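I have placed the structure first, in the form of structure tokens, so that the comments after it can refer back to it.
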Amino acid sequence: MRGAAIYAGHSAIQLSLGFLEEGFEAAIFGPPERLKLYERFPTLKARLHQYSDPSLLDSLADEGYFLIPTGGVVEYLTPSLVERVRIPVFGLRHLVRWEADWSLKTRLLEEARMPMPRRFRSISEVDRLVIAKLPGAKGGRGYLVTRSPEEIKNWLKNLREQNLITREDDIFLQEYIVGTTIYAHYFQSPIMDRLELTGFDIRYESNVDGLRRLSPRNIGDLKEGFVVTGNLQVYPRERLLEEFIELGEKLVEATRRLIPPGVIGPFCLETVVTEDLKPIVFEFSGRIVAGTNVYLGGSPYLALYWGREMTVGRRMALEVRMAMEQGRLGEVLT
Ligand SMILES: Nc1ncnc2c1ncn2[C@@H]1O[C@H](COP(=O)(O)OP(=O)(O)O)[C@@H](O)[C@H]1O
Ligand SMILES: [Mg+2]
Numbered sequence: 026m027r028g029a030a031i032y033a034g035h036s037a038i039q040l041s042l043g044f045l046e047e048g049f050e051a052a053i054f055g056p057p058e059r060l061k062l063y064e065r066f067p068t069l070k071a072r073l074h075q076y077s078d079p080s081l082l083d084s085l086a087d088e089g090y091f092l093i094p095t096g097g098v099v100e101y102l103t104p105s106l107v108e109r110v111r112i113p114v115f116g117l118r119h120l121v122r123w124e125a126d127w128s129l130k131t132r133l134l135e136e137a138r139m140p141m142p143r144r145f146r147s148i149s150e151v152d153r154l155v156i157a158k159l160p161g162a163k164g165g166r167g168y169l170v171t172r173s174p175e176e177i178k179n180w181l182k183n184l185r186e187q188n189l190i191t192r193e194d195d196i197f198l199q200e201y202i203v204g205t206t207i208y209a210h211y212f213q214s215p216i217m218d219r220l221e222l223t224g225f226d227i228r229y230e231s232n233v234d235g236l237r238r239l240s241p242r243n244i245g246d247l248k249e250g251f252v253v254t255g256n257l258q259v260y261p262r263e264r265l266l267e268e269f270i271e272l273g274e275k276l277v278e279a280t281r282r283l284i285p286p287g288v289i290g291p292f293c294l295e296t297v298v299t300e301d302l303k304p305i306v307f308e309f310s311g312r313i314v315a316g317t318n319v320y321l322g323g324s325p326y327l328a329l330y331w332g333r334e335m336t337v338g339r340r341m342a343l344e345v346r347m348a349m350e351q352g353r354l355g356e357v358l359t
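Mapping the sequence shown onto our numbering, position 301 (from 1) lands on 326, and the numbers just tick up by one.
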């Protein structure tokens, strides 16, 4: 294989550098206004391609490239396109669909027996603080946090009037867990046959993280917003690490049962750690997450397995390299 096709945005810098460092080529594709950034850094010797339609992916496939699924790919190319395109995909191609669909996502987390927030099937059941989510809401835009069924009903009415949803079933009501949101990053290696812990991040969200700077009287009717503006590094207490690793292992096992051969490469569990030190899992991503960018200089967790710090992007490239050397590419690309 010649190299990685990477969508412009999300974790493209980390991915391009990682694949270049491992001796591959990197092809960054996207709308022209997004490509500009990647010409600015001299060490980032990626080929840039304007993307107007999926035929570009076919020609990149013909040139020996494989596609890296990222948040940008899932959001802008859509999961159904990722499932259809001819270009080989790093990781388990069909997992993108599971991630994009709440009922599939919940099924997988339940199969893995993850500790999860309670889900409410109807508004009348709501008896505590809940977070109401829209389908496909990206970056938490438009979420509602409330304990009032009345408020949820009004919110729904507004959404219907704006044609943002058609049925009440389209929204997802979940218990709101108070604690520290910690995102745990993993790498499941088919070549090494092991799960590696690659790090953790905390998302900094607008405006929910800014609200604490205001006194209650200045907050007024400002609503919580969960739009990610950046990521912070976090080192969870050491006693939590074993628990995080076991949660990761349970997710790997569940994907093996439901979507054989199971998750390949990077994935993430989105958790809230409560004050009794229990991580509650509210979401997963079956691909590299942008939170891994906190280790642009290399993750000290990966150094525990490899003796040197490296990014998750580099770790992915290393997996492809090892797979090629051992004639096992089919276990890494699907
Ligand atoms: N059950 C929950 N309890 C507490 N906070 C939550 C819960 N679900 C989501 N959040 C908050 O909302 C943010 C976005 O939620 P998420 O469901 O991951 O949507 P998306 O990934 O589409 O932005 C999270 O980063 C977290 O801060
Ligand atoms: Mg999320």
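Here a beta-carbon is modelled for each residue, glycine too, at the ideal position from N, C-alpha and C.
Since we're looking at a predicted model, the values are computed, not measured.
query = Taking the C-alpha atoms as reference points, what is the distance between L354 and E267?
reply = 31 Å
message = Run through the DSSP bridge pairs and tell me what E144 is partnered with.
response = Inspection of the sequence shows that residue 144 is occupied by Arg rather than by Glu. According to DSSP, R144 bridges with Q199.
query = Below 8 Å between beta carbons: does that hold for S36 and T317?
reply = yes
query = How about R132 and P104: do their beta carbons lie closer than 8 Å?
reply = no
task = List the residues that DSSP assigns as beta-bridge partners of G55.
result = Partner residues in the beta bridge of G55, as assigned by DSSP, are Q75.
request  = Jot down the residue ranges of each uninterrupted alpha helix (DSSP H) in the segment 84-170, minimum 4 residues, whole runs only, in chain order.
outcome  = Listed in chain order, they are 104-109, 120-125, 127-136.
query = What separation, rounded to the nearest whole angstrom, lies between the Cα atoms of K182 and L189?
reply = 10 Å
Contact belief for G28 with F54 at Cβ below 8 Å, rounded distance in angstroms = No, G28 and F54 are not in contact; Cβ-Cβ is about 12 Å, not under 8 Å.
query = With contact counted as at least three CB pairs below 8 Å, one residue from each stretch, are the segment 209-218 and the segment 246-253 in contact?
reply = no
message = Please identify the residue among G224, D78, I177 whose C-alpha is closest to the C-alpha of A328.
response = G224
message = Taking the straight line between their C-alpha atoms, what separation do you get for I207 and R138?
response = 19 Å
message = Using a Cβ-based criterion (distance less than 7 Å to any ligand heavy atom), does Y201 qualify as near ligand 1?
response = With a threshold of 7 Å, the Cβ atom of Y201 counts as near ligand 1, since some heavy atom of the ligand is closer than that.
key: Proximal residues to E344 (C-beta, below 7 Å), its chain only, five neighbours per side dropped   = A distance below 7 Å between beta-carbons, with the five flanking residues on each side excluded, links E344 to the following residues of its chain, in chain order: S214, I216, G290, V357.
key: Endpoints, beta strand (DSSP E) assigned at V357   = Annotation for V357: no beta strand (DSSP E) segment contains it, and DSSP assigns it neither H nor E.
key: alpha helix (DSSP H) segment containing L265, residue limits   = 263-283
inquiry  = So that I know if they touch, is there some Cβ in chain C lying closer than 8 Å to that of A328?
reply    = Absent from the structure: chain C. Only one protein chain is present.
inquiry  = Counting C-beta neighbours from all protein chains within 10 Å, is the total for R238 16 or more, i.e. buried, or is it exposed?
reply    = exposed
ask   = Where does T205 fall in DSSP's three states?
value = The three-state reading of DSSP puts T205 in strand, counting E and B together.
inquiry  = Please identify the residue among R228, L294, R262 whose C-alpha is closest to the C-alpha of K275.
reply    = L294
Buried/exposed call for D83, threshold 16 Cβ in 10 Å = Here D83 is exposed: its Cβ has fewer than 16 other Cβ atoms, across all protein chains shown, within 10 Å.
task = Tell me, please, which residues DSSP counts as bridged to L220.
result = Q213
ask   = Buried or exposed: which applies to G332, given that a residue is buried once 16 or more other Cβ atoms fall within 10 Å of its Cβ?
value = exposed
request  = For the alpha helix (DSSP H) containing Y330, list its first residue and its last residue.
outcome  = 325-331
key: Any non-hydrogen atom of ligand 2 closer than 7 Å to E295 Cβ   = yes
inquiry  = Going by DSSP, what residue range makes up the beta strand (DSSP E) through I258?
reply    = Strictly speaking, residue 258 in this sequence is Gln, with Ile absent from that position. Element bounds for Q258: 251-258.
task = Compute the Euclidean distance between the alpha carbons of R185 and K303, then round it to the nearest angstrom.
result = 37 Å
query = In the DSSP assignment, what residue or residues form a beta bridge with A30?
reply = In the DSSP secondary-structure assignment, A30 is bridged to A52, L92.
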